[in-house]
Amino acid sequence: MRTVVITGSASGIGQATRQILEARGERVIGVDLHDADVEVDLTTVAGRAGLVEQVRTLSGGQIDAIVANAGLALPLPATVAVNYFGALATLEGLRPLLTGSTAPRAVATSSMASLHPCDTVLVDAMLAGDEAKSLARAAELVSGDQGHLVYSSSKVALSRWLRRNASEPGWAGAGIPLNAIGPGVVVTPMTQGMLTTEEDRAAIAATVPMPLGGFMTPDVPARLLAWLVSEENTHLCGQVVFVDGGSDVVIRSDSTW
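So in the numbering used here the end of the sequence shown lands on 247, straight run, no missing numbers.
If you want it as structure tokens, here you go:
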């Protein structure tokens, strides 16, 4: 029986992924602020350390896969703390526990928002590993009425970090496929407040065009996450797989990179 750690497991994509994995007989260690096996705050250094220690204890020191899914979509510095630094702490902190698995896997939840405009100063600070500077820059953007750039910047940085590291000795060199998904608009508690009226939905659809199927339910990206951490995924490496109803195609047309 495989053991998979999922952050953000109490709702949305994380909850749907947990249900899929448990239905196929796998053990899930869920991580969230509440209603989870491990209850920690990934915006904090202490919470990130607690995640690793508690997962190590619950798993007996060995896991088979990591789903770094926890995230925020708010125009706040906390979004940077969770979406980037929390995700990296999850992936890097739990990676040693994958060592004994015969089929170790790791995946993160990015977003099609990684195709949107971002703040290069913030992205560079994140990629440099400077959390204090990153949080300060995010606060500047919010106070300067550019808070909408915080979320997209966090996902741009996460996707770039993944591309830079997936082929390295600690990941591909250790036999661990590391990838991400890039969902379009998913109807979850995180996005519900942005989709309350027809006007709201139209505005979001204009920014995130999804000609195939429109907005989706959490089980759609969850099925992709479930495959990415399965034993079947042997060679996908460093890919951000867009499950977005066609947003990537509409935005980038025939560009292949």
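Where a beta carbon is used, it is the ideal one built from N, C-alpha and C, also for glycine.
Boundaries for T187: no beta strand (DSSP E) harbours it, and the DSSP string shows neither H nor E there. Residue pairing of V113 in beta bridges, as defined by DSSP: absent, with no partner found.
Close CB contacts of W161 within its chain, under the 7 Å cut and outside five residues either way in sequence, are with N155 and L168 (chain order). Approximately 19 Å separates the beta-carbon atoms of P179 and V233; this is outside 8 Å, ruling out the contact. Nearest in C-alpha terms to E16, of all of V239, D244, E221 and S245, is E221. Scanning V30, L66, D31 and G(-2) for the CA closest to the CA of V18 turns up G(-2). Secondary structure remark: continuous beta strand (DSSP E) runs of at least 3 residues inside the stretch 183 to 226: none found.
At the C-beta level, A79 and A98 stay beyond 7 Å of one another. Minimum Cα-Cα distance from I3 among the listed residues M(-9), T(-7), V21 and L139 corresponds to V21. Contact between D238 and L105 holds, with the beta-carbon distance rounding to 6 Å and staying under 8 Å. Shown here, N169 sits in a strand according to DSSP, grouped into three states. The straight-line gap separating the alpha-carbon atoms of A68 and A0 is approximately 19 Å.
Non-local C-beta neighbours of S142 in its own chain, meaning closer than 6 Å and more than five positions away in sequence, comprise A103, H106 and C108, ordered along the chain. Note: I(-4) is bridge-paired with G20 and V57 in the DSSP secondary-structure output. The distance from the Cβ of R127 to that of V146 is about 13 Å, inconsistent with a contact at the 8 Å cut-off.
For A98, the enclosing beta strand (DSSP E) covers residues R95 to T99. Within the model, the alpha-carbon separation for E158 versus I166 is close to 10 Å.
The residues R191, in chain order, have a CB closer than 6 Å to that of L185 in the same chain once the five nearest residues on each side in sequence are set aside. Partner residues in the beta bridge of V233, as assigned by DSSP, are P173. It is roughly 12 Å from the alpha-carbon of I194 to the alpha-carbon of V177.
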